[in-house]
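With our numbering as the guide, the letters of the sequence shown map in order to residues 88 to 200.
The beta-carbon is built from N, C-alpha and C at its ideal position, and this holds for glycine as well.
Report on one structure; see the data block that follows.
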Amino acid sequence: MTETTNLPDWKANSSHPELAGKIRDALRKVKDPEIGSDVIQLGLVRDIEISENNVIITMILTTPYCPYGPAMLESARRIAEEESGKSTTIIYGSEVWDQSMMEDPTSFNWGLF
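In structure tokens:
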């Protein structure tokens with residue numbers, strides 16, 4: 088059994104919990120090609136807001152200079168839009184990523200030790 092420890096409290100979890108769950112599951116398809124984990128596992132999706140007509144997703148990257156960043160953000164936007172059926176916008180957040188933001192920070196082997 089995997090314990091999740093640092094899940095962000097998305098606004099959509101209280102306003103549209105079912106759709107937020109579907110979007111979360113769909114976003115697991117978006118992988119960071121350098122790390123091999125998905126954007127949910129890494130904790131890169133910091134917030135999701137859902138209104139009648141649109142979805143706004145706030146995301147960060149593991150590093151601001153990630154060469155795959157633009158492609159990952161666009162892939163997340165497209166997948167969320169397909170899943171929700173609503174126009175979707177990605178906002179690049181200002182938080183600095185660290186390993187504690189991961190869904191389960193204790194389960195990832197960085198290969199550093």
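What are the start and end residues of each continuous beta strand (DSSP E) run of 3 or more residues lying completely inside the stretch 132-199, in chain order?
132-137, 141-146 and 174-179
Please state whether DSSP places residue 119 in a helix, a strand or coil.
Here residue 119 is taken as the residue at index 32 of the sequence shown, counted from 1. Coil.
Going by DSSP, which residues form a beta bridge with residue 112?
Here residue 112 corresponds to residue number 25 of the sequence shown, with the count starting at 1. DSSP output for residue 112 lists no bridge partner at all.
Assuming residue 214 is part of the alpha helix (DSSP H), what are its boundary residues?
Residue 214 lies beyond the range of the chain shown here (88 to 200); nothing can be said about it.
Can you give the beta carbon distance from residue 135 to residue 113, rounded, assuming they're within the 8 Å contact cut?
Mapped onto the sequence shown, residue 135 falls at position 48. Mapped onto the sequence shown, residue 113 falls at position 26. Contact doesn't hold; Cβ gap of about 11 Å is too wide.
Do the CB positions of residue 165 and residue 146 come within less than 9 Å of each other?
In the sequence shown, residue 165 corresponds to position 78, counting from 1. In the sequence shown, residue 146 corresponds to position 59, counting from 1. Not a contact, by the Cβ cut-off of 9 Å.
If you draw a straight line from the alpha carbon of residue 123 to that of residue 138, how long is it in whole angstroms?
Locating residue 123 in the sequence shown gives position 36, counting from the first residue. Locating residue 138 in the sequence shown gives position 51, counting from the first residue. Distance between the alpha carbons of residue 123 and residue 138: 32 Å.
Span separating the alpha-carbon of residue 97 from that of residue 110
Locating residue 97 in the sequence shown gives position 10, where the first residue counts as 1. Locating residue 110 in the sequence shown gives position 23, where the first residue counts as 1. Computed Cα separation, rounded: 12 Å.
Quick check: the Cα distance between residue 189 and residue 127, rounded to an integer number of angstroms?
Walking along the sequence shown from the start, residue 189 turns up at place 102. Walking along the sequence shown from the start, residue 127 turns up at place 40. Approximately 8 Å between the Cα atoms of the pair.
Does residue 183 pass the burial test, meaning 16 or more other C-beta atoms within 10 Å, or should it be called exposed?
By one-based count along the sequence shown, residue 183 stands at place 96. Looking at its Cβ environment, which holds fewer than 16 other Cβ atoms inside 10 Å, residue 183 is exposed.
Cβ of residue 116 versus every heavy atom of the ligand COA: is any distance shorter than 8 Å?
Summarising the ligand content, the structure contains no ligands, and the ligand COA is consequently not present.
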